[in-house]
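Peer 1: So for the sequence shown, this note's numbering puts the first residue at 6; every next one is plus one.
C-beta atoms are modelled at their ideal positions from N, C-alpha and C, and glycine is treated no differently.
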Amino acid sequence: MLPVPIIIVNLKTYSMTRGQGALEIARALEEVAVETGTAFAVAPNAFDVRLLSEQTSLPVLAQHVDAVMEGSHTGHLTPEAALAAGAVGSLVNHSECRLRLADIEHVVERLKGCHMDSVVCTNNATVSRAAASVHPDFVAVEPPELIGGDISVTAANPEVVSYSVEMVKDVAPEVKVLCGAGVKSGEDVRIALQLGTDGVLLASGVALAEDVRVVARDLASGVL
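1. The beta strand (DSSP E) that contains Asp122, what's its start and end?
2. For Ala89, tell me which candidate among Leu7, His140, Ala177, Val70 has the shortest Cα-Cα distance.
3. Starting from the C-beta of Ser100, find all residues in its chain whose C-beta is less than 8 Å away, skip the five residues before and the five after it, and write them out in chain order.
4. Quick one: what does DSSP say Val112 is sitting in, helix, strand or coil?
5. Is it true that the CB of Ser138 sits closer than 8 Å to the CB of Leu116?
6. In whole angstroms, what is the alpha-carbon distance linking Glu85 and Lys174?
7. Cβ of Leu229 within 8 Å of Cβ of Thr41?
8. Fully enclosed by the region 114-198, which beta strand (DSSP E) runs are 3 residues long or longer?
9. If I'm right that Val166 touches Leu200 with Cβ under 8 Å, what's the distance once you round it to whole angstroms?
Right, dumping it as structure tokens:
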């Protein structure tokens, strides 16, 4: 199980966050994690999972896996393949890679079968409640209109965060809650934790930063 509170960095599929670029970001996060004692994890594209898992000590998540079993499923990503590459879990249902609830449930079950963490992304409190019903390890609420923007969900819509926490805990008290969308600073992280979350999920604030270490230290300050 991923430790909490945690800061998960999604590297998406930017040209500068693949290969060596992904490794440089992960090493910077690793350095700050060791320096501050803050838990960081990283979600690179599928082709970089092994690179980051072998070259850093950070927990590495896949950005997506499919519910299919190993076998004749050309083009699919199995949890077993992600695990073999060094992933400890996967994002599920990111707003840029949506799934139906039934498929989310199957993916969560497959990840559990591989003893891997599942981080199910949602867009509001109602969907967060539905996601909690399939008992993932984490639910990460991210209003899509704020993703990649300059205003954090903790400032623009703190109610969706606190209400999502309430809805998730009402259904499955053991499920941990993250928030994301526009998160960029230690203050954003601090408020997220005050709202009852167990951490944050963010991307561009770190992935596109000129100095990842400076940004990571700022984010970590919200946990310390």
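Peer 2: With the given structure in hand:
1. Against the sequence shown, residue 122 aligns to sequence position 117. It spans 122-127 - the beta strand (DSSP E) in which Asp122 sits, taken as one unbroken run.
2. Translated into positions along the sequence shown, residue 89 becomes position 84. The residue with the shortest Cα to Cα distance from Ala89 is Val70.
3. For the purposes of this step, residue 100 is taken as the residue at position 95 of the sequence shown. Answer for Ser100: Cys126, Asn128, Glu147, Pro149, Ile152, listed in chain order.
4. If you number the sequence shown from 1, residue 112 lands on position 107. Helix, per DSSP.
5. Start at 1 with the first residue of the sequence shown, and residue 116 comes out as number 111. Start at 1 with the first residue of the sequence shown, and residue 138 comes out as number 133. Taking 8 Å as the Cβ cut-off, Leu116 and Ser138 do not qualify as a contacting pair.
6. Counting from one through the sequence shown, the residue named residue 85 turns up at place 80. Counting from one through the sequence shown, the residue named residue 174 turns up at place 169. Taking the straight line from one Cα to the other gives about 30 Å.
7. As a working mapping, residue 229 is identified with position 224 in the sequence shown. As a working mapping, residue 41 is identified with position 36 in the sequence shown. Yes, the pair counts as a contact, with Cβ atoms nearer than the cut-off.
8. 122-127, 143-146, 181-185
9. As a first step, residue 166 must be located in the sequence shown, where it is residue number 161. As a first step, residue 200 must be located in the sequence shown, where it is residue number 195. The Cβ separation is near 5 Å, so the contact holds.
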